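Novice: Below you'll find the structure I mean.
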Ligand SMILES: [Zn+2]
Ligand SMILES: [Zn+2]
């Protein structure tokens, strides 16, 4: 049994929640991050979750939209001041290139400040990477630009993170028999057309993916603000399509799997 903690659960413009990021513990008091939220809010959420900055040794990035990568420059800048800190950034090729370009534009010199303490690792969809007794397998999703989901396996526990994506067969395959599926949810079924136009999925589609993949527990995230969606209604809709347990994640929620 292990766990993950949501640092941000909002969509790109949700002012009530932080943007997408979650953290998982690694052996030896270390941690890995998946996505970085949209800015300095990441640093506050890590502190609120009692995760020391220098314990974050690995960062996996799904894609280059600002609500997933905006926290990278603040994170690296904060790590510079911590002599024992080091970080490996894992992303697929175009995302990795974009991240380095973003740093060069917005905080030139940061790569030199960290020197060998900062490593870049290119992910290849379908090929596993092992980090602290944890196997992470990226798989391509349907979001309109290079975007990967992650299948995270440790001992007998599997969590799958599918944010951001339209419904697609790759998610169902990647999430096969997982203990936990964390899935993009733009809105209710009535917003299907808009969800797909924006590169996202509805609550019904998240539930259908969970059922087709045979997962044990579905968690909805990447939620729009309460002006637009009712999280409880999204959960009810996803449960009806899934037939299993569903939760809507809130910032700083922890789930075991
Ligand atoms: Zn996106
Ligand atoms: Zn997003």
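Residue numbers (this note's numbering): 24 to 280. We put the CB at the ideal spot given by N, CA and C, even for glycine. In this text the structure is predicted, and so the values were computed from the model without any measurement.
Thinking just about the alpha-carbon of each residue, which of 231, 115 and 158 is nearest to the one in residue 148?
Specialist: If you number the chain shown from 1, residue 148 lands on position 125. Selected option, being the one with the closest Cα: 115.
Novice: Any chance you could list the residues with Cβ under 5 angstroms from a heavy atom of ligand 1, keeping chain order?
Specialist: Here the list is 88 and 187.
Novice: What number of angstroms, rounded off, separates the C-alpha of residue 231 from the C-alpha of residue 125?
Specialist: Taking the first residue of the chain shown as 1, we reach residue 231 at position 208. Taking the first residue of the chain shown as 1, we reach residue 125 at position 102. So the alpha carbons of these two residues sit roughly 36 angstroms apart.
Novice: Report yes if the CB atom of residue 59 is closer than 8 angstroms to the CB atom of residue 246, and no otherwise.
Specialist: Looking up residue 59 in the chain shown gives position 36. Looking up residue 246 in the chain shown gives position 223. The answer is no: Cβ separation not under 8 angstroms.
Novice: Roughly how many angstroms lie between the CA atoms of residue 282 and residue 170, to the nearest whole one?
Specialist: Residue 282 lies beyond the stretch modelled for the chain, which goes from 24 to 280, so this question has no answer here.
Novice: Under 7 angstroms from any heavy atom of ligand 2, does the C-beta of residue 245 make it?
Specialist: In the chain shown, residue 245 corresponds to position 222, counting from 1. The answer is yes for residue 245.
Novice: Could you tell me which whole beta strand (DSSP E) segments of length 3 or greater appear in the segment 26-55?
Specialist: Qualifying beta strand (DSSP E) stretches, in chain order: 26-31 and 44-49.
Novice: Which same chain residues end up closer than 6 angstroms to residue 264 when comparing Cβ atoms and leaving out the 5 residues on each side of it in sequence?
Specialist: Position 241 of the chain shown, counted from the first residue, corresponds to residue 264. These residues qualify, in order along the chain: 227, 230 and 231.
Novice: On the CB-based measure, 16 or more other CB atoms within 10 Å of its CB, does residue 70 come out buried or exposed?
Specialist: Working through the chain shown from its first residue, we reach residue 70 at position 47. Under this definition residue 70 is an exposed residue.
Novice: Go through its chain and collect everything with a Cβ distance to residue 117's Cβ below 7 angstroms, but skip five positions before and after it.
Specialist: Here residue 117 is taken as the residue at index 94 of the chain shown, counted from 1. Closer than 7 angstroms at the Cβ level, and outside the excluded window around residue 117, lie 169.
Novice: Give the range of the beta strand (DSSP E) segment to which residue 124 is assigned.
Specialist: Your numbering for residue 124 matches position 101 in the chain shown. From DSSP, residue 124 is part of no beta strand (DSSP E) but of the alpha helix (DSSP H) over 116-129.
Novice: Here's the rule I'm using: 16 or more other beta-carbon atoms within 10 Å means buried, otherwise exposed. How should residue 142 be labelled?
Specialist: Counting from one through the chain shown, the residue named residue 142 turns up at place 119. With fewer than 16 other Cβ atoms within 10 Å, it is exposed.
Novice: Just curious, the alpha helix (DSSP H) that residue 230 is in, first and last residue?
Specialist: Counting from one through the chain shown, the residue named residue 230 turns up at place 207. Per DSSP, residue 230 belongs to the alpha helix (DSSP H) from 226-236.
Novice: Quick check on this structure: which residue in 220, 202 and 165 has the alpha carbon closest to the alpha carbon of residue 267?
Specialist: By 1-based counting over the chain shown, the position of residue 267 is 244. Taking only the C-alpha atoms, the option nearest residue 267 is 202.
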